[in-house]
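Add 59 to the 1-based position in the sequence shown for the working numbering, that's all there is to it. Using N, Cα and C, we set each Cβ at its ideal position, and we do this for glycine too. Just so we're clear, the structure is a prediction, and the values are computed from it rather than from any experiment. For reference, the structure is listed below as structure tokens.
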Amino acid sequence: MGPYVSADWVSGTMDAYQETGSERTNTVVEQHQFESLLATVGLTGNYSMLTDAGIFTFGGRVAYRRELLEDTSNLRVGLVSSPVTIIEGSRVSSGNPFSVVGVSENDTEGNAVIGLGTGWSNGSGQSVTLDYEANVLGNDETQHMVLLRYSNFF
């Protein structure tokens, strides 16, 4: 068992796109840039067992994770054409284009991280890992992740 510290930085751009195929409900989304820097500090522990079938590892971790960047940006999403039809006497026209602007904001509140994992390796380059992680956020929200990985080194 021992302490660990990590920092995960992500910076990217989501390309703009426009849906097609539906005359009245096609969506258009503007380009969106984002950036995140997560800092994690915690405790981790592992136990390994050597058998004739290979090495089996069992482990767990608890940590505190916090977003360090206050990246706030606007994201505009709209419909390609108006969903509104205006009828005035014998005249029929479409309404104004419709769009909304949402704010994309990093959650700078810290959260608890709990993880469990197991793995197997045959010592010849093949391994399998199964990992589960829960992020306990504020307001009774949680995020869950399951990872299954097979590796074969050659």
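With DSSP run on the structure shown, which of helix, strand or coil describes residue i?
i, result
"ASN155", "coil"
"MET60", "coil"
"PHE212", "coil"
"SER107", "strand"
"SER180", "strand"
"GLY148", "coil"
"ASP130", "coil"
"GLU89", "coil"
"ALA193", "strand"
"ALA112", "coil"
Hey, would you say the C-beta of residue i is under 7 Å away from at least one heavy atom of the ligand MG?
i, result
"ILE173", "Ligands in the displayed structure: none, and consequently the ligand MG is not present."
Could you say which of the options lies nearest to residue i if we only look at CA atoms?
i, options, result
"GLY161", "LEU97, VAL136 and ASN181", "VAL136"
"LEU96", "GLU168, GLY113, MET108 and TYR209", "GLU168"
"SER70", "VAL159, PHE157, SER107 and HIS91", "HIS91"
"LEU133", "SER152, THR72, GLY178 and VAL151", "Sequence inspection shows Asn at residue 133; the Leu mentioned does not correspond to that position. It is THR72 whose Cα lies nearest to the Cα of ASN133."
"VAL15", "LEU138, ARG124, VAL151 and ASN85", "Because the chain spans 60 through 213 in this model, residue 15 falls outside it and cannot be assessed."
"ASN170", "GLN202, PHE157, ASN155 and VAL143", "GLN202"
"GLY182", "ALA75, ILE146 and ASP111", "ASP111"
"ARG124", "THR86, SER180, ARG208 and VAL172", "VAL172"
"SER81", "GLY119, SER140, SER107 and TYR106", "SER140"
Where do the ends of the beta strand (DSSP E) carrying residue i lie?
i, result
"THR79", "First-last for THR79: undefined, no H or E at that position."
"GLY169", "That residue, GLY169, is in no beta strand (DSSP E); it is neither H nor E in DSSP."
"GLU200", "Run containing GLU200: none; DSSP gives neither H nor E here."
Can you check DSSP and say which residues form a bridge with residue i?
i, result
"ASP67", "LEU97"
"SER140", "None; SER140 has no bridge partner."
Our contact map puts residue i next to residue j with C-beta atoms below 8 Å; I'd like the distance itself, whole angstroms only.
i, j, result
"GLY101", "MET60", "GLY101 to MET60, Cβ: 11 Å. No contact."
"GLY176", "LEU196", "About 21 Å separates the two Cβ atoms, so there is no contact after all."
"ASP130", "GLU89", "That pair is no contact at about 17 Å."
"GLY178", "GLU192", "In fact, because the Cβ distance is near 14 Å, the residues do not count as touching under 8 Å."
"LEU128", "ALA98", "Actually they are not in contact, since the Cβ atoms of LEU128 and ALA98 sit about 10 Å apart, beyond 8 Å."
"ILE146", "GLY154", "About 11 Å; that fails the 8 Å criterion."
"SER180", "ILE114", "5 Å"
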